[in-house]
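As structure tokens, the structure follows; a few thoughts come after it.
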Amino acid sequence: MTDLALIAQLIVNGLMAGGTYAILAIGLSLIFGVMNVLNVSYGALYALGGYFGYTFSVLLGQPPLASLFLAMIASFGIGVLIERFAIERVKGNVNSVILLTFGLAILIEQLITLIYSGSYQAVPGIIQGAIVIGGITVNLPRFMAFVVSVALSLLLIVFVYRTKIGSAIRVVAFDQELALLRGISVRRISMLTLGISSMLAATAAALLAPLLSLYPAVGWNPLLIAFVVVVLGGMGSLGGTVIAGVIYGLVDVFTGFYLGSEWRQITVLLVIVAVLLLRPQGILGKVVERV
Amino acid sequence: MKSAVSNIVTAAIVIVVLVGSVAGTYYATSGQAQTVTIRSTITQGGGGATSTVTNTVTAASQAAEIKIGFITSLTGVATDVGKQMIQGAQYAVDQINNGGGLCYAGSCHKVSLDIVDNGDTTDIAVVSANKLLQDQVVGVIGFLYTGSVFATQTALMSHKVPILMTSASAVQLTNQVLTNYSQFKYMFRVGSNDSGLAYTGFSFLQLINAKSFYAIAEDFQYAHYEMGFLGNFTKSANIQSLGVDFTPFSATDYSSEILKIVNLHPSAVVGSFSGDNGFAFLKQYKADPVASHIPIMFLGGPWGSKSTIDTLNSAQPGSADYIVDGTLGWNIPLTKLTSPFCQAIEKTFSFCNIGTQGVNYDAVQVLTNAIRTAGTTDPDALVKVLEQTDLAGASGRLVFTAAHQVLLAPGFTQLPLIEWIKGSVYVIYPPNFAQQAYVRPP
């Protein structure tokens, strides 16, 4: 491969990886931005979404695309229930939220293990194979994950910034008391937010499960990646999360190729530290002024 | 009223969440919830009578039970391998109990496995080892990871608990027997070590007349050791190493590594993964139109399981085709016991993997044989007997070296190469066991 072709391939790989990291993180960013809550069970919701997809497609024989939608709906429901009956009760106390969501994460993982066993499960993809365009190889499942990630991210941004409900979400994110004064039900918005967040986690899992693996503890690594991307992008900033995801993907891929796999994680984290030193609020995060 | 009902529901959910977390963690890390149902079918080889024996405990239950600790992956990425290890060990235990128990010094004892989790992190292994010490097991078999052994060996050795490793593969573990015999004499390995596994990689490269190779492995200690040995072997034979990548355990994207392989175009790729992260790499490797044509082999790992191969192929057709595994045998007549063992195991589990089921079956036999011969469970007496072991096992003729490692050599414990093609497995090396020649990926 020529140097130019190599770099082009790396950019394509990085963008595609970044797209999936973005959709992984955007749900977490949404929860934090709106509810000011660090949801440690996000990784478990990712795993649960993957297993919903597996259940619908493999166990119940539904078409892959239909399985994806059904998994999204099921995960939305779970998110709503978790917010309504669990997180809402302890939201005022940060430590309680972390403890509760951590417990939920373990509970979900153990339930998955009990129901599905701890064995690796294979999930067939909606699409298989790869195509070569101008000398650049494009892995089709990964490309599809990227396209869906970008589409969903844009849809979410449009939803948040261009719809009435989205406007309500932004008001709640800005100031819950102000939202109450304006007659906005903070509880309903929170339920909706966690539902959407869970749905996004499930989407990421359903898209990535055919490429990777599906096992009960699969959610912990995505949680770490999502958290890093959210911090880099600016907590609560959807656009920042997308940009950060892409940066993560590009740095990860280029480092892996030129420096070696063992340098990937450390390089990504060094880049993040460097960005945060220059912009502590993250790429598109807002500076909060304390009086 | 509505608020009261809502509060009660919420309180109930919180309690369920917390209790569920605790209970789930407990059951996941102990052997209590792990039940292995074995229908022990013992087939006499050579056309003899076939008898099916159900699990019955005879008068053996009267005497004190002999508990053998068994530590393997009940959680984490290698649970499939852990399951197979338990299958082999439990089969041996059932066989002993069905035969009247472990009889020595005038009485017969029921044998049981005390199964605990080594998890993916050493802290889980430490907790599990402490439990085994509390349960006063006569020995510990298993250990999936080298790190787990290092983390627990001090406690186990100080309590003089014999360890028979069947998966943790660092040569350093058994070398401790040579450098500090008095402390580490209780350490034994039934199964291959990193050097033996690396040698399978070298054997494969020689088999295909490779001029160069590229190595990729998970960033675990054992993999570093394996690749180190492989580098030494290949250097001596002028096979060029084009590079080695140790991928983070958390890696999900292998596009960089695969692009490197495509760019360098080695004669073959040698990989080492212990669990599900290897599946992700393989799927992405096989999806690449260039990389998928480069021969690839793995140094042990989960590739000896037909269920794994079928699962991979069902998710991504062809993803497990033409892959080679250096493994501890695949129903080839390593000893007279191998085939009957495999036939019996296949009847129960529909597949036989000597590298997981067979080795752990052998380890139980080695330990119980030592107890029987020594006439005691005293660890020092057991060590003396274990050192004299010369037993025909399912995985080979089991004789320990001075470092308490089973001898890895033709006629003893030997690691053949197998190749998967369209869901069927073929032994391709060594020549005396080969069923067909290696088939290159089209």
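Protein chains in written order, with the working numbering: chain Y, 2 to 292; chain L, 1221 to 1662. Heads up, the beta-carbon is just placed ideally off N, CA and C, and yes, glycines get one too.
Looking only at L:Lys-1431, L:Tyr-1434, L:Val-1584 and L:Gly-1448, the smallest Cα-Cα distance to Gly-1416 of chain L is reached by L:Gly-1448.
When secondary structure is reduced to three states using DSSP, Tyr-1324 of chain L falls in the strand class. Within chain L, not a single residue places a beta-carbon under 9 Å from that of Gln-63 of chain Y; the smallest gap is close to 16 Å. Following the DSSP letters along the chain, one finds Arg-1617 of chain L inside the beta strand (DSSP E) bounded by residues 1616-1619.
Straight-line spacing of the CA atoms in Arg-1409 of chain L and Ile-273 of chain Y works out to 44 Å.
Between the stretch 214-232 of chain Y and the stretch 106-114 of chain Y there are three or more inter-stretch CB-CB distances shorter than 8 Å, so the stretches are counted as touching. A buried status is given to Thr-138 of chain Y, since no fewer than 16 other beta-carbon atoms sit within 10 Å of its beta-carbon.
Taking the beta carbon of Ser-214 of chain Y as reference, the chain L residues within 8 Å of it are Val-1297, Asp-1496, Asn-1497, Phe-1499 and Ala-1500, listed in sequence order. Scanning chain Y for C-beta atoms nearer than 7 Å to the C-beta of Ala-1535 of chain L yields Ala-123, Val-124, Pro-125 and Pro-211, reported in chain order. Per DSSP, Arg-1409 of chain L is one residue of the beta strand (DSSP E) stretching across 1407-1409.
By the Cβ criterion, the stretch 1596-1611 of chain L is in contact with the stretch 1400-1408 of chain L, since at least three pairs of Cβ atoms, one from each stretch, lie closer than 8 Å. According to the DSSP assignment, Ser-1475 of chain L belongs to the alpha helix (DSSP H) that extends over 1475-1484. DSSP places Ile-185 of chain Y in the coil class of the three-state scheme, outside both helix and strand. Secondary structure remark: continuous alpha helix (DSSP H) runs of at least 4 residues inside the stretch 1510-1586 of chain L, in chain order: 1526-1535 and 1558-1569. Neighbours of Val-133 of chain Y across chain L, judged by C-beta separation under 8 Å: Pro-1509.
When Cβ-Cβ separations below 8 Å define contact, Asn-1338 of chain L makes no contact with chain Y.
At a beta-carbon threshold of 9 Å, the residues of chain Y lying near Thr-1467 of chain L are Gly-257, Ser-262, Glu-263 and Arg-265, ordered along the chain. Spanning the alpha carbons of Gln-122 of chain Y and Ala-1612 of chain L requires a straight line of approximately 36 Å.
At a cut-off of 8 Å between C-beta atoms, Asn-96 of chain Y does not count as an interface residue with respect to chain L. The C-beta separation of Leu-1637 of chain L from Val-1544 of chain L comes to about 6 Å, placing the pair in contact by the 8 Å criterion. Here Asp-1600 of chain L carries a helix assignment [DSSP, helix/strand/coil].
Per DSSP, Gln-1656 of chain L has no beta-bridge partner at all. If you draw a straight line from the Cα of Thr-1342 of chain L to the Cα of Leu-1393 of chain L, it comes to about 16 Å.
Non-local beta-carbon contacts of Ser-68 of chain Y in its own chain, meaning distances under 6 Å to residues more than five positions away in sequence, involve Gly-54, Phe-57 and Ser-58 in chain order. For Ala-45 of chain Y, no CB of chain L lies under 8 Å from its own CB, so it is not counted at the interface with that chain. Here Tyr-1324 of chain L is actually not in contact with Ile-1565 of chain L; their C-beta atoms are around 27 Å apart, not less than 8 Å.
In the DSSP assignment, Glu-110 of chain Y falls outside any beta strand (DSSP E) and lies within the alpha helix (DSSP H) extending over 95-117. Met-236 of chain Y sits in coil when the DSSP states are folded into three classes, being neither helix nor strand. Using a Cβ-Cβ cut-off of 8 Å, Asn-1483 of chain L counts as an interface residue toward chain Y, since at least one Cβ of chain Y sits closer than that to its own. Looking at L:Gln-1304, L:Asp-1439 and L:Ser-1348, the one whose alpha-carbon comes closest to that of Gly-1498 of chain L is L:Asp-1439. Note on the stretch 1408-1438 of chain L: whole beta strand (DSSP E) runs with a minimum of 3 residues are 1432-1438, in chain order.
Between the alpha carbons of His-1485 of chain L and Ile-1478 of chain L lies a distance of about 10 Å. Under the three-state reduction of DSSP output, Val-124 of chain Y falls in the coil class, being neither helix nor strand. For the pair Leu-195 of chain Y and Ile-74 of chain Y, the CB atoms are not nearer than the 8 Å cut-off. At a cut-off of 4 residues, the continuous stretches assigned as alpha helix (DSSP H) that sit fully inside the stretch 1310-1367 of chain L are 1342-1354.
Comparing C-alpha distances from Val-231 of chain Y to each of Y:Gly-286, Y:Ile-88 and Y:Met-192 shows the shortest one belongs to Y:Gly-286.
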